Each structure stands twice: as structure tokens, then as C-alpha cells.
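This report refers to the structure that appears directly beneath it.
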Amino acid sequence: TWNESRQAAVYLSTSSAFLPVSFGVQNYQSLIRIDNVIQASSVVVLIVPVLVLFLAQRFFMQGLIITGMER
Numbered sequence: 001t002w003n004e005s006r007q008a009a010v011y012l013s014t015s016s017a018f019l020p021v022s023f024g025v026q027n028y029q030s031l032i033r034i035d036n037v038i039q040a041s042s043v044v045v046l047i048v049p050v051l052v053l054f055l056a057q058r059f060f061m062q063g064l065i066i067t068g069m070e071r
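In C-alpha cells:
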């Protein structure tokens, strides 16, 4: 869950290659104090999930319709 992200970071802290992208943005924020750069990096991080959502939206809707018909 979202509440266990810090616990996962403790387990994966042996290598920074395994940490989630959100932790990379947070570490980048501690290095650079320019708000525009942090906002741009956040937008870049959000591009992939938004693309996946738009490309797979049909399958999400089909799953919702099928589960709604079972009741």
C-alpha cells in the first residue's frame, strides 16, 4: 500500500537502482532548489502512467462492465 513506501525503501536501499521514481524526484529535490526543475521532473515522471491509462482505458472499462454484470 501507499503507507508502506518507506518500509519498501528500507528493504531496497542497498541499491538506488531499485528505488521508485518518486524517491528519485525527492532526492533530486534535495540537490536542486529550483521549483521549475522539480515541477518539470514531476511531469516527466507522470507521462508513462498517464499514457498507460489512456492506452489501456478500454480494458479497464471492460473489466468494470464485466464485474458489474455479475451481481
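Read in the numbering used here, the sequence shown has 20 at position 20, and its numbers run on one by one without any break.
Yeah, the Cβ is synthetic: ideal placement off N, Cα and C, and Gly gets one too.
Given the structure is predicted, the values throughout are model-derived calculations rather than measurements.
Backbone CA spacing between residue i and residue j [nearest angstrom]
{"i": "I38", "j": "M69", "result": "44 Å"}
{"i": "T14", "j": "T67", "result": "41 Å"}
{"i": "S3", "j": "P20", "result": "The residue asked about is misnamed: residue 3 is Asn in this sequence, not Ser. Approximately 14 Å, taken between the alpha carbons."}
{"i": "V50", "j": "V44", "result": "10 Å"}
{"i": "N27", "j": "S16", "result": "10 Å"}
{"i": "L64", "j": "V52", "result": "17 Å"}
{"i": "F60", "j": "F54", "result": "10 Å"}
Beta-carbon separation (whole angstroms), residue i vs residue j, contact threshold 8 Å
{"i": "V25", "j": "S5", "result": "Rounded, the Cβ-Cβ distance is 13 Å, inconsistent with contact."}
Local conformation of residue i per DSSP, three classes
{"i": "I34", "result": "coil"}
{"i": "S15", "result": "coil"}
{"i": "P20", "result": "coil"}
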